[in-house]
Amino acid sequence: MRATVLRTQTSAAARRPGRLILTGLAILVASFVVFGTVLVQQITERTVRDNLSGTPAATDLVIGNTDVPPPTVRDVPAIRAVPGVAEAVARVSTGISIGQGYLNLQADPGTGPLSTIRVIEGRYPDQPGEIAITPRTAERLGLSVGTTTTGTGGELTTPTRLTVTGVVDTATDAGYDAYAPESVVISWAHLTAVERVDVRVVPGTSAEVVRQRVTAAVADQPISTGAEVRQAEANAAAEEVGKLFILVGIFVSIAVVAAALVVTSTFRIVFAQRMRQLALLRAVGANRGTLVGALTAEGALTGLVAGVVGVGSALALGYALPAVLRASGMAVSSPGLPVATAVSVVIGAIVVTVLAVLAPAFSAARVSPLEALRAASTTAGRRGIGVPRLVSGLLLVAGAVLAATGTISQLPTPEQSNYDPTLPLLLLVASGGLAFFALVALGPLLVRPVLAVVGWPLRQLGPLGRMAVGGIGGAPRRAAAVSVVVALGVTLISGVVIGGASLQVLTDREMALSAPTDFEVTSNEGTLPEGVVTRAEAERAALARVVPYRRLGDVTLLRGADKLGNVDSGYPTNDLDLAALPTTGELDVAQGSLADRGPGRIVVNSWVARDAGLRAGDTVALARDGRTVDVRVAAVLPGDGPLHAGILADRADLDRLGAPTAYTGLLADAAVAGEDGRTAGVRALRQAIGGADGVGLAVLADERDRNDALVRTLVWIAVGLVGLTVLIAVVGVGSTTALSVVERIRESGLLRAIGLSRTGLRTMLTVESGLYGVIGATIGLLIGVPYGWLAIQTLGVNAPLTVPVLPLVGLFVTLVGLTALAGVLPARRASRVSPVAALGADG
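Numbering (the working numbering), first residue to last: 169 to 1011.
And the structure:
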């Protein structure tokens, strides 16, 4: 009997491959994602290894590394004199301070197999004091071929002449790069050591023989082959890729769990549709164990087919995509053929599917033989949950609350400086995991109250709305199983969106403090030369605003005759005009208001407020060189002050303290956005500086751009990763709707027979599908917002909770739209069934 039942069930499943694929669609997608992730990691690592090495391919030997003292300048001629050495290039770099900027001067031969640059204008340097620069460096520093400047670098302590002889193209251009032959760099900077020496061996000569000769010539210097160095450089880059894919693996694991939940729900529907058949098998002698074995085997077959199709699809795309990208000119490597991994993914798909099918199989096997006497082939789904499941769910809730409470207790205090986020993060993850499983256990009990709230507007729209809400409410276990997966995806995405928005606010605040404008001009002498600010203010075509400021480092705080705080020399203070800066709006306050700052009213940073025991509204006195000024604290910042100020005071108050009239520095913004506007601003400020010694110009906008790009990249990567779970959820909604359409053919026929149009039936079923998204998105947002806030606090980065309403509303609407869209095709199929045929069908 066991073999007969097993053969009957598996052959029936094999005869209907469409339903087999539909049942295991979530596992198919999960298998595609898992194996696709493996291929993407291989593609990324191979591309990094093949293209991102800084050592030229012609390098056969490399002398020196960072673990021992570097080769000396005298070692280089000795290496060149070794028989078999065709070329030896010393790699060395030195920082150069020029009039109003900085250069990173690097040694490179300029031509030949060991060169990393290419001359595009002028000629390559060949004399001490000559340099070649990159195009962006030329624009930023206002230099061109033939330009002469002075600078100090290496062992030089006095400014020495530098002449630009050429412009070179490089793989990267940071805007401060310069190049020259090693002899020019060493001679000009008076260097005595180099970083390493790259050697090219004479063709036909054994590299190992040359290596032994070089070892004899320069003892105590480590020697590696060029291949080893390139491999080490590639491994270092690939290691960073590997760290990223550890994070990817976590999100993929969550997607697999979501797929298992979807498949569990799907099999419940499939088995419910065959209750009469299962009851007949029980009536003819099949016991419960036999049915469980047969249904589990059907699940294994589903997992096998889904896993093979998913892995095959990922493999085809994994080989096709790099080929397409290479055809478009991009340097992308192809993956390998990880057969063992492919087999493991297929086996994993089978195991996950079998585990997912166990609960529905045991539930279906409990069918009574008397169910064979029913007219319909399906049985009504259970609406409640048992006592063990209820107790388990409540225990999980209690565990999640306790873990969250533990997380909150571990959060850093404002005075804490050695905060380790490891334990709080582990507690937060544990709390989130327990909360999710509690949601799985208690989901059927949550569906009805949530549906009562979110379904109220639909019920007011008439019979179609009431029937759609009733269709979901009539099967709460099914609705919970699918909605929980949607909720998981929304929780993750909303947490990422909230975290990203909060980190963006933090980044904007930090940039408003450290890089409030595009440019900053400062002086090594303490104050700017006379006329620099006036000339900068006159450059209105290139500079949108110029904000000069004065800085003092010896201002103390008094209350009466008592000195406040624990500092002896005083707090850093400046009179920067915040109202003149466009980034003032990015600053948030812990207490008070920045708008209240003015004569007699100061702003202090969080450290000064803690050290001096101040709060917004307190009255104190600023003291310097025997002079005092009574002031009131208008606001307290949550972190540092602009330009690292502890106290922001009004200009009139600094005058009363006897501050010098000369400005310490100035901030300025480019009049035109983009690289061209930034370059024009740099040139205008250089004109204003006029070659004054000791005056430096920093392009703060570059740092701001890098930080903004980093935050945006991290957020989009995270959104893309958690989108895997949303994809699984949408697939689950589509497959659930499609199978429930089959289950309700008779109901659909009855509705059509009493007058419901095809359009009405399609609309009702599509709205039902969308309601899965409404329920899941509502629960997901209710969970995601507090967990998102807690995650930000756990990181200890002092970022404020930011709830971006519009993106979250957009997320809600998008999820509802996607889940509704997933039900469109099944709804169309149901509407095409004839009422007569539907009424004649079993259930």
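Backbone N, C-alpha and C define an ideal beta-carbon position, used for all residues, glycine too. Every value quoted in this text rests on a predicted model; they were computed, and no experiment measured them.
Among the options, which residue has its Cα nearest to the Cα of residue i?
i	options	result
VAL378	ALA820, VAL250 and GLY753	VAL250
LEU607	ARG765, SER560, VAL424 and ASP745	SER560
ALA836	LEU919, ALA710, LEU989 and ALA339	ALA710
GLN961	VAL253, ILE515, LEU974 and GLN578	GLN578
THR847	ALA827, VAL776, GLY826 and ALA869	ALA869
GLU401	SER265, THR215 and PRO293	THR215
PRO503	VAL520, ALA482 and ILE518	ALA482
LEU619	GLY600, ASN742 and GLY941	GLY941
PRO490	ALA527, PRO589 and LEU207	LEU207
LEU919	PRO716, TYR487 and ALA636	ALA636
ILE857	ARG242, VAL362 and GLU707	GLU707
VAL735	ASN742, GLY814 and SER682	GLY814
VAL714	VAL287, ASP764, THR383 and PHE687	PHE687
ALA198	ALA572, VAL425 and GLU466	VAL425
ALA346	VAL673, THR284, GLY372 and ASP779	THR284
ALA387	PRO239, ILE770, PRO644 and ALA967	PRO239
VAL1012	GLY480, ARG286 and LEU485	Look at the range of the chain in this structure, 169 to 1011, and you will see that residue 1012 is not part of it.
ILE288	PRO277, LEU282, ALA300 and PRO281	ALA300
PRO625	GLY280, GLU298 and LEU939	LEU939
PRO684	LEU463, GLY639, GLY486 and HIS812	HIS812
GLY768	PRO740, ARG819 and PRO810	ARG819
LEU359	ALA225, GLN380 and GLY322	GLY322
If you drop the 5 nearest sequence neighbours on each side, which residues of the same chain put their C-beta closer than 6 Å to that of residue i?
i	result
LEU986	VAL898
GLY738	ASP722, VAL723 and THR724
ARG304	ASP341 and GLY343
ILE947	ALA655
ALA543	Because ALA543 sits at a pLDDT of 47, beneath the cut-off of 50, its placement in the model cannot be relied upon, and the following sentence gives the value as read from the coordinates. Nothing listed; no residue qualifies.
ALA548	Residue confidence for ALA548 is low, a pLDDT of 48 falling below 50, so the modelled location carries little weight; the figure read from the coordinates is stated next. Closer than 6 Å at the Cβ level, and outside the excluded window around ALA548, lies no residue.
ALA375	ASP228 and VAL369
GLY623	VAL637
ARG765	VAL771 and ALA802
ARG456	ALA533
Can you list, in chain order, the residues of its chain whose CB lies under 7 Å from that of residue i, leaving out five sequence neighbours each side?
i	result
PRO327	THR318, GLY319 and THR320
PRO296	VAL352, SER355 and TRP356
PHE530	VAL460
GLY567	LEU602
PHE605	LEU564
THR575	PRO592, LEU595, LEU596, SER599, LEU958 and THR962
VAL992	THR934
TYR831	THR695, LEU696, VAL701, PRO716, TYR717 and ARG718
PRO121	In this structure the chain extends from 169 to 1011, so residue 121 is not present and cannot be described.
Leaving out the 5 sequence neighbours to the left and right, which residues in its chain are closer than 8 Å to residue i when beta-carbon positions are compared?
i	result
LEU493	VAL500
ASN141	In the structure as shown, the chain begins at 169 and stops at 1011. Residue 141 is therefore absent and cannot be evaluated.
ARG783	GLN759, ALA777, VAL801 and VAL804
MET390	Residue identity differs from the one stated: residue 390 is Pro in this sequence, not Met. Within the same chain, PRO390 has close Cβ partners ILE231, GLY232, ASN233, ASP235 and VAL236.
Please confirm whether any heavy atom of the ligand ADP lies closer than 7 Å to the CB of residue i.
i	result
PHE435	Of the ligands one can find in the structure shown there are none, so the ligand ADP has no counterpart to examine.
Who pairs with residue i in a beta bridge, going by DSSP?
i	result
THR346	Position check: residue 346 holds Ala in this sequence, whereas Thr was assumed. Note: ALA346 sits in a beta bridge opposite LEU273 and ILE301.
GLY768	The partner list for GLY768 (beta bridge, DSSP) is empty, contrary to what the question assumes.
ASN742	ARG719 and LEU816
ALA258	VAL365
VAL287	VAL336
ALA265	In the sequence under discussion, the amino acid at residue 265 is Ser, which differs from the Ala named in the question. Looking at the DSSP assignment, SER265 forms a beta bridge with TYR270 and THR320.
ASP388	ASP388 pairs with nothing; no bridge assigned.
ILE231	VAL365 and ILE391
LEU725	LEU790
GLY760	ALA803
Scan the region 616-693 and note each continuous alpha helix (DSSP H) run of 4 residues or more that stays entirely inside, going in chain order. 624-627, 631-641 and 644-682
Decide if the region 800-812 is in contact with the region 633-652; the criterion is three or more beta carbon pairs, one per stretch, under 8 Å apart. no
If you pair each beta-carbon of the region 659-669 with each one of the region 953-971, do three or more pairs fall below 8 Å? With the cut-off at 8 Å, the region 659-669 and the region 953-971 touch.
Suppose only complete runs of 4+ residues qualify. What are the alpha helix (DSSP H) ranges in the region 770-826, listed by chain order? 774-780 and 819-824
Run through the region 834-881 for me and flag every whole alpha helix (DSSP H) of 4 or more residues, listed as ranges in chain order. 842-857
Should the region 507-516 be regarded as contacting the region 192-209, the criterion being three or more beta carbon pairs within less than 8 Å? yes
Does the region 748-761 come close enough to the region 695-703 to have 3 or more Cβ pairs within less than 8 Å? no
Taking 8 Å as the cut-off, does the region 515-526 touch the region 462-476 (at least 3 CB pairs, one atom from each stretch)? yes
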